[in-house]
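Structure first, commentary second.
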């Protein structure tokens, strides 16, 4: 049995509290927030790049309005596929209208025949974020591993997207936690690249 550390316990508490705040948002508020994020000017040049988004689960912010806007501006799109526990995500090419399969936890993902791509911009789901560019996900480390792997291949921009209610004063970190470059909320664009 794996023992939790004090940092794990703090992260778990922060995650639980932030998810409760997120879950308390009405469907109308969540939809309006997703549209507000898409309406903001996108803070990163996208051409001729690949933007990997994600399929939202539960009450996550919906990245699809933003992804539709980026596709309209010339971005090629991708979605993640879980390759297995303890492994980075695989990003597969995807376009609106392409078929999707059910993946781990029922998350919609590209079919196995969709080509693997290496994104330039990674839209990252999260449960908690702070003003230093740190995030907490669901605890499996998939995005930390994926960001580290992609940054070893080439420069990428990792952008968290979330509701403003998911912000906390400070996220405790460990050496394997990957820092975000930006966070987009319905209220603002928070840029950590100059910090």
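In this note's numbering, the protein residues as written are 518 to 712. Even glycine gets a Cβ: it sits at the ideal position worked out from N, Cα and C.
Can you check which of these residues, the options, is closest to residue i by C-alpha distance?
{"i": "residue 591", "options": "600, 673 and 559", "result": "559"}
{"i": "residue 587", "options": "552, 691 and 531", "result": "552"}
{"i": "residue 661", "options": "640, 562, 616 and 706", "result": "640"}
{"i": "residue 606", "options": "635, 619 and 688", "result": "635"}
{"i": "residue 706", "options": "689, 691 and 650", "result": "650"}
{"i": "residue 554", "options": "593, 530 and 703", "result": "703"}
{"i": "residue 701", "options": "686, 681 and 688", "result": "681"}
{"i": "residue 669", "options": "584, 637 and 690", "result": "637"}
Using a Cβ-based criterion (distance less than 8 angstroms to any ligand heavy atom), does residue i qualify as near the ligand FAD?
{"i": "residue 574", "result": "Of the ligands one can find in the structure shown there are none, so the ligand FAD has no counterpart to examine."}
Skipping 5 residues on each side, what residues in its chain have a beta carbon closer than 6 angstroms to that of residue i?
{"i": "residue 511", "result": "A question about residue 511 goes unanswered here, because the residues of the chain that appear run from 518 up to 712."}
{"i": "residue 574", "result": "624"}
{"i": "residue 526", "result": "none"}
State buried or exposed for residue i, treating a residue as buried only when at least 16 other CB atoms are found within 10 Å of its CB.
{"i": "residue 693", "result": "exposed"}
{"i": "residue 595", "result": "buried"}
{"i": "residue 579", "result": "buried"}
{"i": "residue 679", "result": "buried"}
{"i": "residue 540", "result": "exposed"}
{"i": "residue 550", "result": "buried"}
Who does residue i pair with in a DSSP beta bridge?
{"i": "residue 569", "result": "595 and 639"}
{"i": "residue 618", "result": "626"}
{"i": "residue 645", "result": "653"}
{"i": "residue 700", "result": "677 and 707"}
{"i": "residue 684", "result": "646"}
Might you give, ordered along the chain, the residues of its own chain that have their beta carbon closer than 8 angstroms to the beta carbon of residue i, omitting 5 neighbours on each side?
{"i": "residue 657", "result": "602"}
{"i": "residue 632", "result": "609 and 610"}
{"i": "residue 530", "result": "none"}
For residue i, which of helix, strand or coil comes out of DSSP?
{"i": "residue 673", "result": "coil"}
{"i": "residue 561", "result": "coil"}
{"i": "residue 705", "result": "coil"}
{"i": "residue 552", "result": "helix"}
{"i": "residue 664", "result": "helix"}
{"i": "residue 578", "result": "coil"}
{"i": "residue 610", "result": "strand"}
Looking only at its chain, what residues have a beta carbon closer than 7 angstroms to the beta carbon of residue i, apart from the 5 residues adjacent to it on each side?
{"i": "residue 571", "result": "580, 596, 597, 640 and 642"}
{"i": "residue 644", "result": "532, 535, 536, 653, 654, 655 and 683"}
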